[in-house]
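Since the structure comes first, as structure tokens, the remarks are kept for the end.
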Amino acid sequence: MEGRLRDKVVVITGGAGGIGSAACRIFCEAGARVAMVDQNDAAIQEAITETRKHVPDADLKSFAADLGIEAEADRVVGEINAAFGTIDGLVNNAGIRRYEALADAPWQTWDAITRINLLSFVSMSRAVLPIMRKKRRGSIVNVSSTYALYGRKGMGAYDATKAAVLSFTRTLAYEEAEHGIRVNAICPGFTRTPFHIKRLGQKAVDDLVPPCALRRWAAPSELAYPLLWLVSDEASYVTSATFMIDGGLPA
Ligand SMILES: NC(=O)c1ccc[n+]([C@@H]2O[C@H](COP(=O)([O-])OP(=O)(O)OC[C@H]3O[C@@H](n4cnc5c(N)ncnc54)[C@H](O)[C@@H]3O)[C@@H](O)[C@H]2O)c1
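Going letter by letter, the sequence shown gives residues 100 to 350 in the working numbering.
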């Protein structure tokens with residue numbers, strides 16, 4: 100297949116979600132061989148059908164896994180490696196939200212959100228490293244959030260996990276550079292995904308003007324293209340970087 104990711108095997112966690120499924124489609128269009136990992140079976144089927152509508156000959160396989168469980172990362176990466184023969188890129192994108200003030204957030208919130216938003220990034224990265232180290236190349240991209248850097252009320256546990264992802268990204272980039280592995284992060288801002296439309300309703304999403312310079316929501320594809328670039332060899336001198344893809348949110 101032709102394209103900017105020609106023949107690269109890329110794993111996308113949360114691949115059935117809004118940003119994840121846009122990335123699956125755009126990566127397939129760019130010639131990648133894509134492993135979509137998600138826990139939501141119905142969403143997986145929908146995302147696969149949608150991708151095949153756009154890219155009928157996509158080399159796309161889905162892998163169901165609950166990445167909140169440590170052992171699932173090794174299992175699923177083993178299955179992906181067996182199916183595709185290698186792994187060139189990993190996009191850690193699976194995420195959940197909790198809407199509670201810090202004063203009210205119970206331990207269970209912190210436990211659940213840390214497992215997915217941070218620890219799944221740890222376990223998936225650890226699982227792919229031996230494969231990438233052997234090839235002496237690879238690219239890991241972690242999906243954080245603009246609110247890893249900026250303050251707000253009401254999602255403190257979420258924001259803390261996203262801030263931790265940035266620190267994890269930098270250290271991993273330094274530790275793995277000698278093995279030819281690049282590690283970067285993107286920080287999305289307000290992105291118009293089905294999750295938010297379901298949560299707030301279409302009208303509320305249409306009416307909400309995000310407080311950013313561009314004064315509009317991002318389409319999921321506007322996050323997928325930066326991910327594509329970071330996974331590709333075009334970004335071969337980029338590591339340990341954090342990219343704000345938030346339409347210019349003020350500090
Ligand atoms: N949409 C936004 O406005 C926005 C803004 C900033 C950051 N982000 C981040 O971008 C990423 C994707 O966001 P989205 O809007 O596409 O969300 P989404 O809810 O549509 O997708 C998240 C996906 O992760 C999967 N997932 C959740 N828990 C899992 C688990 N235990 N195991 C495996 N998969 C699991 C879900 O099934 C879902 O498909 C998330 O990390 C989110 O925090 C999104």
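Just so you know, even glycine gets a beta-carbon here, dropped at the ideal spot from N, CA and C.
Check, Outcome
"At a cut-off of 7 angstroms, would you count V175 as near ligand 2, judging by its Cβ distance to the nearest heavy atom?", "Absence of ligand 2 from the depicted structure is noted, with ligand 1 being the only ligands included."
"Given F183, which residues of its chain have a CB within under 6 angstroms of its CB, disregarding the five upstream and five downstream residues?", "V108 and R132"
"Go through its chain and collect everything with a Cβ distance to L159's Cβ below 7 angstroms, but skip five positions before and after it.", "C123, C127, V133, M135, I147 and T150"
"Going by alpha carbons, who is nearest to G188 out of E101, R251, V304 and N241?", "N241"
"Report the rounded CA-to-CA distance for S238 versus G347, giving the unit in angstroms.", "26 angstroms"
"Assuming T290 and G117 form a contact by the criterion Cβ under 8 angstroms, report the distance between their Cβ atoms to the nearest whole angstrom.", "7 angstroms"
"Are three or more beta carbon pairs between the stretch 225 to 238 and the stretch 201 to 211 nearer than 8 angstroms?", "no"
"Determine the direct distance from the alpha carbon of P349 to that of P310, and round the result to whole angstroms.", "8 angstroms"
"Using a Cβ-based criterion (distance less than 7 angstroms to any ligand heavy atom), does A284 qualify as near ligand 1?", "no"
"Hey, how far is the Cα of R236 from the Cα of E321?", "26 angstroms"
"Would the beta-carbon of L166 be found less than 7 angstroms away from any heavy atom of ligand 1?", "yes"
"By Cβ distance, which residues of its chain are closer than 8 angstroms to W209, with the 5 residues on each side in sequence left out?", "A256"
"Given a cut-off of 8 angstroms on the beta-carbon distance, is the pair P319 and T292 in contact?", "yes"
"Decide if T112 is buried, meaning its Cβ has at least 16 other Cβ atoms within 10 Å, or exposed.", "buried"
"Taking 7 angstroms as the line, does the beta carbon of I99 fall inside it for any heavy atom of ligand 1?", "Only positions 100 to 350 of the chain appear in this structure, which leaves residue 99 out of reach."
"Roughly how far, in whole angstroms, is the beta-carbon of V282 from the beta-carbon of T260, given that I think they are within contact range, below 8 angstroms?", "V282 to T260, Cβ: 17 angstroms. No contact."
"From the beta carbon of T270, is the nearest beta carbon of chain B less than 8 angstroms away?", "Protein chain content of the structure displayed is limited to a single chain, and chain B is not contained in it."
"Give the straight-line distance between the Cα atoms of A340 and L265, rounded to the nearest whole angstrom.", "9 angstroms"
"Which of helix, strand or coil does DSSP assign to T338?", "coil"
"Give the range of the beta strand (DSSP E) segment to which F162 is assigned.", "D158 to A163"
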